[in-house]
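Report on the following structure.
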Amino acid sequence: MQEHDVIVVGAGGAGLRAAIEAHEHGADVALVTKLHPVRSHTGAAEGGINAALHSEDSWDLHAYDTMKGSDYLGDAPAVDAFAQEAPDEVIQLEHWGMPFSREDDGTVSQRPFGGLSHPRTTYAGAETGHHLLHTMYEQVVKRGIEVYDEWYVTNLAVTDEANPEERACHGAVAYEIATGEVEGFYGHDGVILATGGLGQAFDHTTNAIANTGDGQAMAFRAGSPMEDMEFVQFHPTTLPSTGVLISEGVRGEGGILYNEAEERFMFEHGYANNDGELASRDVVSRAELTQINEGRGIEDEYVHLDMRHLGEDRILNRLENILHLAEDFEGVDGLDKPMPVKPGQHYQMGGIEVDEYGQACIDGLYAVGECACYSLHGANRLGGNALPELMVFGARAGRHAAGEVDEKAKVKTGPSAKSEDGSIGSPVDLGGVSESEAVATDGGALATPQDVLEAAVEAERDRVETLIERDGINHADVREKVQLTMTENVNVFREEENLKQALRDIREAREMYQNVAVRDPSRTYNTDLIHTIETRNILDCAEAITAGALAREEFRGAHWRKQHQERKDDEWLKHTMYAWNNGNPDLYYKPVILEGDEETYEPKERSY
Amino acid sequence: MSTQVTEKSDEKEEAESTEQSPGERRREEKAKRQQEKEAETPELIDEADETVELKIFRFDPEVPDKEEPRFDSFTVPYFEGMTVLDGLIYSRDNYDSSLTFRHSCRQAVCGSDALLINGTQRLACKTQMVDLEWPIRVEPLPHQDVVKDLVVDMEHFYEQMNAVEPYFDPDELPEEDREEQKQRPENREKIKLSTRCIWCGACMSSCNVAAGDNEYLGPAAINKAYRFAMDEREGGDKKEDRLRILEQEHGVWRCQTQFSCTEVCPKDIPLTEHIQELKREAVKSNLKFW
Amino acid sequence: MAEHYSSFQRSSWRWVAQRVTAVFLIGALAFHFVLLHFINHAAEISFAGTQARMDEIGYLSLMVTFLVTAAFHGLNGVYNALVNQGLEGTQKRVVGLVLVLAGVLLVGQGTYVALSMNGFI
Amino acid sequence: MSSTYDRGTVENFGRWREFSAGMWAWVLHKFTGWILIGYLFTHIAVLSTATGVDQAMVEANEDIYTNTLQDLEELVIVRFLEIGLLSVAVFHILNGIRLLMVDLGVGLESQDKSFYGSLALTAVIAVASIPTFLGGVF
Ligand SMILES: Cc1cc2nc3c(=O)[nH]c(=O)nc-3n(C[C@H](O)[C@H](O)[C@H](O)COP(=O)(O)OP(=O)(O)OC[C@H]3O[C@@H](n4cnc5c(N)ncnc54)[C@H](O)[C@@H]3O)c2cc1C
Ligand code: HEM
Ligand code: SF4
Ligand code: F3S
Ligand code: FES
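Protein chains in written order, with our numbering: chain A, 3 to 610; chain B, 186 to 475; chain C, 225 to 345; chain D, 8 to 145.
What follows is the structure, given as structure tokens:
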């Protein structure tokens with residue numbers, strides 16, 4: 003058993019920031035991560051990191067933009083804290099040596115970005131995330147913070163009182179990938195989950211293969227509800243074979259989208275008569291998919307993004323990295339041919355329900371980064387708002403876990419925050435299939451935190467043994483089934499029948515999962531085992547997304563429902579909560595907090 | 186629980202022996218297509234039933250069958266734009282789930298999947314199959330211990346990276362709270378390429394000196410040090426410290442300008458140039474004391 | 225591997241010396257080859273001819289310098305090559321000593337030969 | 008991870024097939040450097056016949072030094088070895104210049120071309136020197 007004050011699970015931007023902050027405040031921190039820190043997907047972020055740095059800019063403008071972008075589903079305490087602290091965090095990064103792009107006078111550059119009222123996206127070339135990740139890892143090395151890399155966290159050690167708000171998290175169980183050893187990590191002051199996105203719930207995503215929603219699923223099964231899971235951002239221009247992102251910059255520079263008949267469909271089919279290709283992400287994604295579904299896609303799969311008319315000089319000057327991406331990952335020379343693109347899953351707005359300090363309803367459990375939902379992005383995230391989020395909330399959670407925060411959170415969490423029951427109308431049972439899936443641990447009966455952890459470790463050892471020993475099907479079949487149905491039915495377009503179909507398919511996949519087995523008998527670097535466990539997490543996340551999407555009968559932000567084409571503020575200004583409840587999930591709602599520090603945000607028409 | 190290649194793939198392998206390898210054919214076709222750029226409709230080749238053979242290194246210290254290293258053949262369907270990583274994933278998911286390799290981002294930023302592909306260190310995700318000779322031979326990075334299949338022990342590489350004090354450490358910071366340190370755009374430009382390193386280890390694996398001398402810092406770590414030593418925000422005192430680290434026995438002097446590091450780096454970092462520049466810097470700073 | 229720092233050695237002077245001697249050797253070696261193979265054919269070399277050349281103090285000192293630089297350059301090169309291949313500890317020290325010794329012997333014998341040619345000895 | 012597979016020296020050496028220009032240059036530079044230093048020792052050894060010669064013999068061109076050198080020069084094999092030595096020296100010089108440029112940071116982008124250039128020039132010079140070296144043996 004390893005013992006530390008704070009266990010941080012995941013070492014992307016959010017986890018590293020949390021670890022540094024907790025360490026600065028005297029805590030003994032361990033970073034436990036399934037990938038070496040620099041391999042985290044934060045490294046893929048290109049565009050930039052928003053912060054009101056200029057003297058003409060101010061935090062409340064940033065907060066306002068964020069709230070408007072969220073389609074008024076953000077919670078004001080989180081939004082305000084975010085906008086207020088983002089500038090400090092960006093300057094902090096600079097002081098840690100991040101190589102931001104510079105103006106002639108040596109100050110950091112900022113550029114305009116969609117949905118922002120001021121150019122406040124600070125950037126480091128077209129690889130902001132890469133630099134942010136490496137800069138923070140450097141600081142972790144400098145401080146000598148202990149990193150357990152290639153340790154896969156499989157479960158949390160949580161007591162099992164009936165009410166999740168009475169439960170406590172004492173640590174996590176991790177599997178050392180290289181050796182197959184299962185070990186307990188005891189965290190005196192808590193566990194911070196920072197496991198990133200869940201793009202692998204879809205078969206086409208800009209996310210990494212390791213983004214499997216592990217944190218969300220682990221917290222969910224331990225009793226912490228998932229919030230606003232139906233809000234998934236789809237990016238309109240990703241390469242069809244890999245999902246690699248083709249930056250919005252191409253359309254910004256004048257790139258044009260064509261369908262198979264070489265029609266400029268954004269205009270010719272009237273999707274966006276004013277902005278055309280530059281309409282917002284969700285509009286363009288829906289337009290592309292409509293074309294494809296109506297048979298005007300190329301090879302029934304994608305559309306063309308053409309930038310050849312911009313001329314070689316301009317392309318080489320401003321979009322050179324796009325040429326490399328298209329060539330390296332799709333084998334297409336963008337100077338010579340139009341690039342194939344289609345919408346792909348990009349970002350998960352929802353996640354583990356936490357307050358503005360990153361605390362979940364379970365005592366000692368925190369979540370930060372993309373896996374968390376402090377209700378900052380609400381129904382739609384603005385570009386460049388995720389990286390500052392990692393920093394601000396990573397730091398807040400780190401500070402809180404180190405015992406440095408006295409204030410009480412304004413955002414309420416857990417079942418007691420419930421304002422209203424919900425209903426899903428699912429055609430099938432949801433949640434666990436077998437009894438064994440129901441309980442996190444026997445914590446309620448166990449005396450000491452160590453006992454809780456030991457019990458959790460034992461349970462995981464059993465699970466690993468069973469998976470390796472028994473015969474059965476390959477998890478890849480289950481994963482593929484979920485991914486396909488999610489992309490087919492819970493994509494950009496959401497229709498009641500399709501959502502129900504997805505729930506049926508997920509149920510079937512869950513049943514299939516009962517028979518999965520790991521074929522590789524080895525204890526050494528058994529990725530078969532890791533992927534098999536991940537697939538279980540994907541199932542839970544996919545179900546939560548679909549359940550939320552089916553429940554929310556309106557069109558808000560990234561969530562589009564065919565039969566409900568408007569935003570219904572009277573009825574739906576509330577968060578969708580999805581709780582595990584020992585294997586029998588329950589959907590309910592909690593109110594949105596619009597009263598901020600300075601003002602109360604008034605829902606307005608979201609038009610740009 | 187067989188770790189053998191499925192029979193299906195073996196059969197295909199036999200049927201696969203034409204005089205001209207598909208790789209050659211496709212590369213020829215690609216060249217032809219490039220010539221015919223202006224021609225109206227470049228002829229579309231039917232790729233529907235084209236397959237690629239991958240010869241993959243296998244080893245597992247624990248599985249009796251795999252204790253002796255060997256190569257397994259997997260024949261996978263080819264599609265346009267297919268990368269070597271796609272081929273590996275297909276083989277694993279469809280033929281043998283025990284096939285083990287690191288991968289994550291699929292877009293050349295995480296640095297997990299540097300492998301020896303047809304004899305050269307490359308990122309599997311960034312390597313188009315068309316650009317290679319077929320069948321494609323995939324091995325773990327040379328000069329590193331193999332943990333299993335294509336997974337090598339990266340510990341030594343990380344240690345070398347950490348040995349150069351790989352973190353920003355300025356002599357002083359601005360007084361004001363929300364004030365950034367100034368950096369001239371030219372200075373940022375100077376360190377730009379060096380900051381792109383994704384820790385894939387390809388360079389280190391390709392360097393013969395690093396293979397011979399285990400303590401040699403290696404191109405990636407030296408490049409990391411370059412990134413800080415050349416950053417004007419750090420200040421002169423720190424630069425002296427950094428040069429002192431680089432100058433030790435197993436530092437920059439070990440480099441014999443083999444250039445293979447520069448050639449394999451997937452981020453096109455001019456590693457040899459950076460190392461050479463540091464050698465000159467070191468000489469300069471030593472001359473100061475004489 | 226943390227003891228990188230302990231095996232501290234500012235070896236830049238050897239690196240520089242290797243390059244400086246190389247520059248000198250480019251000229252010296254070319255001169256030597258041209259003189260003894262293309263101007264005076266090797267087959268026609270005789271002691272008398274050698275002696276005549278060596279009598280000139282400039283030529284003599286050039287040849288001795290050539291010898292010293294070549295010995296340093298060559299042996300230092302060999303030393304580097306061996307160390308680069310991972311020679312450590314005692315082995316390294318022994319090789320270093322042997323090479324220095326060989327160098328001293330080489331230069332000593334060479335100078336002695338040159339002086340005999342010159343007729344000093 | 009109780010045991011890992013270390014592919015060992017044999018397999019690592021087998022990688023020569025995958026060497027690129029810069030690595031060949033490195034190998035050849037080493038190789039030629041070693042030959043040159045080896046030759047320097049031999050050379051001094053041969054020249055040592057010049058010590059303690061009898062001045063009378065010198066007058067007659069019959070001293071050991073002159074005899075040794077001229078006897079050696081009569082051997083065809085020695086003449087061929089000399090061509091080899093010249094090639095080795097020329098390559099080492101040319102590649103040495105290339106390396107000096109690399110040290111100064113000049114022309115790093117064309118390092119492979121300059122290596123091939125050195126090889127070609129070495130070949131040319133070696134061929135051109137044949138008449139001189141082989142003159143009079145046959
Ligand atoms: C292509 C792309 C471009 C983007 N561009 C931008 C942009 O320009 N601006 C912006 O603001 N945002 C951008 N985003 C969004 C932003 O990058 C992500 O939301 C953010 O990086 C997520 O960071 P994270 O720290 O939460 O997770 P990650 O960086 O994904 O890290 C997750 C960590 O958790 C670990 N982990 C996961 N599961 C486990 C487990 N079970 N056990 C142990 N460890 C585990 C992993 O090893 C990893 O270290 C982009 C996203 C993508 C995909
Ligand atoms: C005449 C011009 C010469 C030039 C330009 C030259 C150049 C160089 C250079 C630059 C190196 C350094 C390689 C490195 O460490 O990266 C070197 C190495 C070496 N040189 Fe020379 N050299 C010359 C002559 C000689 C002579 C006459 C000898 C022999 C006596 C010699 C023997 C060596 C040896 C042994 C090495 C070490 C090679 C190794 O193993 O790495 N060189 N030479
Ligand atoms: S320098 Fe290049 S090859 Fe080396 S680790 Fe970094 S990215 Fe990889
Ligand atoms: S391959 Fe090695 S020898 Fe130097 S130039 Fe690169 S580090
Ligand atoms: S998978 Fe990330 S670099 Fe190839």
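Cβ atoms here follow ideal geometry from the backbone N, Cα and C, with glycine treated the same way.
Residues that residue i contacts on chain A, provided the C-beta gap is smaller than 7 Å
i	result
B/Asp245	Ser524, Thr526
Alpha-carbon spacing of residue i relative to residue j, whole angstroms
i	j	result
B/Leu378	B/Thr457	13 Å
B/Glu357	A/His97	10 Å
A/Gly50	A/Asp357	25 Å
C/Leu249	D/Ala28	25 Å
A/Leu158	B/His288	25 Å
B/Asn399	C/Leu325	28 Å
B/Asp422	B/Val349	16 Å
D/Gly142	D/Glu89	12 Å
B/Asp334	B/Phe242	6 Å
A/Phe236	B/Pro249	46 Å
D/Trp31	A/Ala20	49 Å
B/Cys440	C/Ser236	12 Å
B/Lys464	A/Pro89	39 Å
Residue i: contacting residues in chain C (beta-carbon distance under 9 Å)
i	result
D/Ile84	The premise fails here: D/Ile84 is roughly 14 Å from chain C at the closest Cβ pair, so nothing lies under 9 Å.
D/Gly142	His265, Ala267
Proximity below 8 Å, CB of residue i to CB of residue j
i	j	result
A/His206	A/Arg122	no
A/Gln218	A/Asn261	no
A/Ile540	A/Ala203	yes
B/Asp278	A/Ala478	yes
D/Tyr72	D/Val60	yes
Chain D contact residues for residue i, given Cβ-Cβ distances below 9 Å
i	result
C/Phe296	The contacting residues do not exist; C/Phe296 stays about 10 Å from chain D at best.
B/Pro455	Leu115, Glu116
C/Gln315	Simply none; closest approach about 17 Å.
Interface residues of chain D facing residue i [CB-CB closer than 7 Å]
i	result
B/Ser445	Ser27, Gly29, Met30
C/Met341	Ala57
B/Gln461	Val109, Asp110, Gly112
C/Phe262	Thr139
Own chain, CB closer than 6 Å to residue i, minus 5 neighbours either side, in chain order
i	result
A/Gly71	Gly117, Asn382, Leu384
A/Ala328	Val334, Gly336, Met341
A/Gly1	The first residue shown for chain A is 3 and the last is 610, placing residue 1 of chain A beyond what the model contains.
B/Phe444	Thr457
C/Val240	none
Contact set between residue i and chain B, taken where Cβ atoms lie within less than 9 Å
i	result
A/His132	Val294, Thr380, Arg381, Ile383
D/Leu35	Residues of chain B passing the Cβ test: none, with the nearest at roughly 12 Å.
Interface residues of chain C facing residue i [CB-CB closer than 8 Å]
i	result
B/Lys464	Ser236, Trp239
Contacts around residue i, its chain only, beta-carbon distance under 7 Å, and the 5 residues preceding and following it disregarded
i	result
A/Gly256	Leu312
Under 7 Å by beta carbon: chain B residues contacting residue i
i	result
C/Gly301	Correct list: empty, because the minimum Cβ distance to chain B is about 11 Å.
C/Gly310	Gly397, Asp398, Asn399
Where residue i meets chain B, residues with beta-carbon distance less than 8 Å
i	result
D/Trp41	Simply none; closest approach about 14 Å.
Chain-order list of residues whose beta-carbon lies under 8 Å from that of residue i (same chain, five-residue window excluded)
i	result
A/Thr68	Gly76, Val81, Phe84, Ala85, Leu378, His379, Leu384, Asn387
### Task
Mind listing, in chain order, the continuous alpha helix (DSSP H) runs of no fewer than 4 residues lying wholly within the region 87 to 137 of chain A?
Fully enclosed alpha helix (DSSP H) runs of 4 or longer: not present.
### Message
Suppose only complete runs of 3+ residues qualify. What are the beta strand (DSSP E) ranges in the region 423 to 489 of chain A, listed by chain order?
### Response
none
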